[in-house]
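Trainee: Got a structure here, written out as structure tokens. Questions coming.
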Amino acid sequence: MSTDEPVTTTDETETGAELDPAELAELRERVDELEASMATLDGGDGQKKMVIVATQGSFDMAYPPLILGSTAAAFGWEVIVFHTFWGLDILHEEKSKTLKLSAVGNPNMPVPNALAAIPGMDRMATRMMEKKIDENGTATIEELIDLSLESGVDLQACQMTIELMDYDEEDFYDGVTTGVGAATALQHMAESDIQLLV
């Protein structure tokens with residue numbers, strides 16, 4: 004709403020009463036305050052914010068939060084990926100190198116569940132996927148973690164899960180934010196444009 008056009012005090016309102024100059028001045032002042040308030044809301048830096056909660060730590064589920072996070076960061080978004088429970092293994096330097104792809108209960112695996120349950124099938128399925136990733140030139144989990152951190156993605160490790168799993172803060176990749184609780188994660192989610200649970 005613009006206040007550029009002058010309003011005369013002799014004009015009549017819909018009720019037929021003339022506008023009081025003091026009321027008109029007060030109304031204009033209030034409109035100016037509202038416009039300034041809206042400009043503050045709309046006039047931020049325009050940066051979008053995304054929070055991803057990573058709860059799964061299998062080989063295949065390590066990729067979605069890292070790919071989405073690093074891609075959003077490349078577009079200039081503020082990105083936080085909160086890793087909790089098994090998702091914490093993605094940020095663990097040793098465990099991230101031994102994540103496995105589960106063949107059991109995976110409807111996209113070309114193996115019946117009876118065969119998928121045979122010992123060693125998870126390792127075989129993981130090797131098959133690692134081979135496809137290598138042949139396709141797709142980034143590894145470690146490369147995606149490095150890329151995410153370099154792009155400014157805040158990779159966070161849930162403090163409660165660190166304690167629950169008896170991990171040490173030094174176990175994680177350099178640059179990972181530790182000591183983050185659920186309350187902080189919820190605050191980030193409340194402030195973000197997009198929230199994803201992976």
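The numbering of the sequence shown is my numbering, which starts it at 4 and goes up by one. Every residue, glycine too, gets a C-beta built ideally from N, C-alpha and C. These numbers were taken from a predicted model, which means no experiment stands behind them.
Going by DSSP, what residues sit across from Ala193 in a beta bridge?
Mentor: In the DSSP output, where bridge partners are listed per residue, Ala193 has none listed.
Trainee: Grab me the residues of Trp89's own chain with a C-beta within less than 6 Å of its C-beta, minus the 5 sequence neighbours each way, in chain order.
Mentor: Excluding positions up to five away in sequence, the list reads Gln59, Gly60.
Trainee: Does DSSP put Ala142 in a helix, in a strand, or in coil?
Mentor: It is coil, neither helix nor strand.
Trainee: Which class does Met53 belong to by DSSP, given the choice of helix, strand or coil?
Mentor: In the structure shown, Met53 sits in a strand (DSSP, three-state: E or B).
Trainee: Could you please give the first and the last residue of the uninterrupted beta strand (DSSP E) stretch that includes Ala181?
Mentor: Looking at the sequence provided, one finds Thr at residue 181 rather than Ala. 180-183 is the span of the beta strand (DSSP E), which, as asked, contains Thr181.
Trainee: Taking Cβ to Cβ, would you say Leu94 is nearer than 8 Å to Ala142?
Mentor: Not closer than 8 Å, so no.
Trainee: Taking the alpha helix (DSSP H) that Gln162 belongs to, which residues open and close that run?
Mentor: Element bounds for Gln162: 162-167.
Trainee: Compare the Cα-Cα distances from His86 to each of Met168, Ala193, Asp196 and report the closest residue.
Mentor: Out of Met168, Ala193, Asp196, Met168 has the C-alpha closest to the C-alpha of His86.
Trainee: How close, in whole Å, do the beta carbons of Asp1 and Ser105 come, if the pair is a contact with beta carbons under 8 Å?
Mentor: This structure cannot speak to residue 1, because the chain is shown only from 4 to 201.
Trainee: Under three-state DSSP, which class holds Phe88?
Mentor: Helix.
Trainee: Exposed or buried, which one is Phe175 when buried takes at least 16 other CB atoms within 10 Å?
Mentor: By the 10 Å Cβ count, Phe175 comes out buried.
Trainee: Can you give the Cα-Cα distance for Val156 and Ala25, rounded to whole angstroms?
Mentor: Cα-Cα distance, rounded: 53 Å.
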